[in-house]
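So the structure is just underneath, and the comments pick up after that.
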Amino acid sequence: MEQQGTTFFEDLHRPELSGVAYKNIQLKKRILTQFANEGNTTLTDLSKTLNISIPKANELVNELIVDGLARDYGKTGAGVGRKPNLYGLEPDSAFFIGVEVKNFYINIGLMDFKRNLIKVTMGIPYVLNNTEESLIKLCTVIDEFIQGSSVQREKILGIGVNLSGRINYTTGYSYSFFNFHEDPLSKIIESSLGIHTYLENDSRAMAYGEFCSGGVKDEKNVLFVNLDHGIGMGIMVNGQLYYGKSGFAGELGHIPMFGNEILCHCGKKGCLETEASGQAITRLFKEKVNQGATSIVTNRRANPDDIKLDDIIKAANNDDTLAIEIITEAGEKIGKGMATLVNLFNPELIILGGSLAATGDYIKLPIKNGLNKYSLSLVNNDTHLSISQLGNKAGIIGACLLVRDRLLAITS
1 MEQQGTTFFE DLHRPELSGV AYKNIQLKKR ILTQFANEGN TTLTDLSKTL NISIPKANEL
61 VNELIVDGLA RDYGKTGAGV GRKPNLYGLE PDSAFFIGVE VKNFYINIGL MDFKRNLIKV
121 TMGIPYVLNN TEESLIKLCT VIDEFIQGSS VQREKILGIG VNLSGRINYT TGYSYSFFNF
181 HEDPLSKIIE SSLGIHTYLE NDSRAMAYGE FCSGGVKDEK NVLFVNLDHG IGMGIMVNGQ
241 LYYGKSGFAG ELGHIPMFGN EILCHCGKKG CLETEASGQA ITRLFKEKVN QGATSIVTNR
301 RANPDDIKLD DIIKAANNDD TLAIEIITEA GEKIGKGMAT LVNLFNPELI ILGGSLAATG
361 DYIKLPIKNG LNKYSLSLVN NDTHLSISQL GNKAGIIGAC LLVRDRLLAI TS
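Sequence positions in the sequence shown follow UniProt numbering and run 1 to 412.
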């Protein structure tokens, strides 16, 4: 029997629910999914969609209203005669946090139930190291963001944390960072902050944000390429995010492409990342400067060792010849690596995201040239190449949406 006085989210986390109580929870999840994906609707339309009676739809919606999750938006303006009421989400009833962990900073966003970003803090100073101190600092940064928001802590239903490398989102384990505890990393962060926490690969979270709220319209087969310090990828196959057996699908940067002796951080040699990633671009740029090449970057960074990828990106966008030259060479190599993917997946759309995408055509055009040169013409003719519409917010938007959708089993 369903306990009296429990709320939807309390029931959602009660594994002992069965019978009518369990069925009602599943129906409420479907109602919230309908509101989330389709907007406000009438009880009549809701009953047809869920194949339940109008009185049952009315009962469930009223319970969601009592829980503060739904709202009666009043009469519709359409049609003649007696007009029905519209029902939809209460945007301030639940919130979700997305955390994007970069090499040298953290981006955090707070999203309401209706997918509005309420608060965003970008570029919080942070150094990502595989140490206990770095993990503690990550939890502290998130906690300070929560304390600085105007939202009650109990209304934050989940936190999504994006990290680079190998992530198994189903178990919550990270195999690249903070893997020195027996418990899953998601549970370590969750116990520190007291809020349900979900872990995700950064490229895949960015891809999900772009798939749900960015440049994807009706396309069903899409690749999102994250061009940052490394090279990652998110894959959409037939409208669904693709993970592979262990959740590691999309390691574009570790395609073995070169016969060099450069050791990749994955432990192998000759990976695409060794010559075409943001890390490789930074290394090559420093080498050129040390050899006497000129660049506007040295006006700000007298010591070449202090040069960061962001400095090179800004220089390229200010028509710096050296920066453009190195980014162009990297773009052509990336295009060659992506040509294999085009031949394999035959995607409708490839979206370029990550920090290097901010250089626009300086990275896009050489990638396009590489694609045209190395992929089958009949295949790449069907593929459109574009730049991320969400830009540097793709990761936090994707993290928030993944938390919301997984918590409610919503399919965006």
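Positions of the beta carbon are idealized from the N, C-alpha and C atoms, including for glycine.
Identity of the residue in the options nearest residue i by Cα
{"i": "T328", "options": "K28, R204, G360, N303", "result": "G360"}
{"i": "P125", "options": "V297, I118, K102", "result": "K102"}
{"i": "G194", "options": "Q147, S47, P15, A394", "result": "Q147"}
{"i": "E348", "options": "L64, P55, L378", "result": "L378"}
{"i": "I363", "options": "T41, L376, I387, L341", "result": "I387"}
{"i": "G391", "options": "F345, A205, I65", "result": "A205"}
{"i": "K114", "options": "E38, E133, N62, L135", "result": "E38"}
{"i": "M233", "options": "G172, F35, S203, K336", "result": "S203"}
{"i": "T282", "options": "N51, G230, N130", "result": "G230"}
{"i": "E219", "options": "V66, H384, C266, L50", "result": "H384"}
{"i": "S277", "options": "A302, D305, I313, G244", "result": "I313"}
{"i": "V297", "options": "I351, A399, K48, L322", "result": "L322"}
{"i": "I367", "options": "G335, R30, L163, A330", "result": "G335"}
{"i": "E133", "options": "P304, D306, F180, K217", "result": "F180"}
Cβ shell of residue i (< 7 Å), same chain only, five flanking positions each side left out
{"i": "R300", "result": "D311"}
{"i": "G68", "result": "E90, S93"}
{"i": "V237", "result": "N221"}
{"i": "F178", "result": "N130, L135, L185"}
{"i": "S192", "result": "C139"}
{"i": "L284", "result": "I326"}
Cutoff 6 Å; reference residue i; Cβ partners in own chain excluding five residues on either side
{"i": "Y242", "result": "I235, A249"}
{"i": "Q3", "result": "Since pLDDT at Q3 reaches only 46, below the 50 mark, its modelled position is unreliable, and no value is offered."}
{"i": "G354", "result": "N226, L227, D228"}
{"i": "Y175", "result": "R166"}
{"i": "K83", "result": "K75, T76"}
{"i": "V20", "result": "none"}
{"i": "M122", "result": "N107"}
{"i": "G398", "result": "A205, M206, Y208, G209"}
{"i": "K119", "result": "L110, S149"}
{"i": "A358", "result": "I313"}
{"i": "L27", "result": "L60"}
{"i": "E100", "result": "N107, N162, G395, I396"}
{"i": "I351", "result": "E210, G215, F224, S386, S388"}
Those residues which DSSP pairs with residue i across a bridge
{"i": "Q240", "result": "V237"}
{"i": "M111", "result": "F96, L117"}
{"i": "residue 413", "result": "The shown model of the chain, from 1 to 412, leaves out residue 413, and the question about it has no answer."}
{"i": "P125", "result": "Y105"}
{"i": "A70", "result": "L89"}
{"i": "N162", "result": "E100, E200"}
{"i": "D269", "result": "A small correction: the amino acid at residue 269 is Lys; Asp does not occupy that position in the sequence shown. Its beta-bridge partners are L263."}
{"i": "S186", "result": "BP columns for S186 are empty, so no partner."}
{"i": "G232", "result": "N226"}
Chain-order list of residues whose beta-carbon lies under 8 Å from that of residue i (same chain, five-residue window excluded)
{"i": "T42", "result": "T76, P84, N85, L86, Y87"}
{"i": "I255", "result": "C271, L272, G337, T340"}
Start and end residues, beta strand (DSSP E) containing residue i
{"i": "L227", "result": "222 to 227"}
{"i": "I350", "result": "349 to 353"}
{"i": "I387", "result": "384 to 387"}
Residue i: first and last residue of the uninterrupted alpha helix (DSSP H) it sits in
{"i": "I324", "result": "321 to 345"}
{"i": "L376", "result": "Where L376 is concerned, there is no enclosing alpha helix (DSSP H), given that its DSSP letter is neither H nor E."}
### Query
When the Cβ atoms of the region 142 to 153 are set against those of the region 99 to 111, are three or more pairs found closer than 8 Å?
Touching, per the Cβ criterion.
#### Entry: Stretch-stretch touch, CB-based, cutoff 8 Å, three pairs: the region 254 to 262 with the region 184 to 199
At 8 Å Cβ cutoff, the stretches do not touch.
### Message
Whether or not the region 389 to 405 and the region 158 to 172 are in contact is what I'm after, with contact meaning three or more pairs of Cβ atoms, one per stretch, closer than 8 Å; do they touch?
### Response
With the cut-off at 8 Å, the region 158 to 172 and the region 389 to 405 touch.
### Query
Quick check: the region 206 to 215 against the region 365 to 376, are there 3 or more CB pairs under 8 Å?
By the Cβ criterion, the region 206 to 215 is not in contact with the region 365 to 376, since fewer than three pairs of Cβ atoms, one from each stretch, lie closer than 8 Å.
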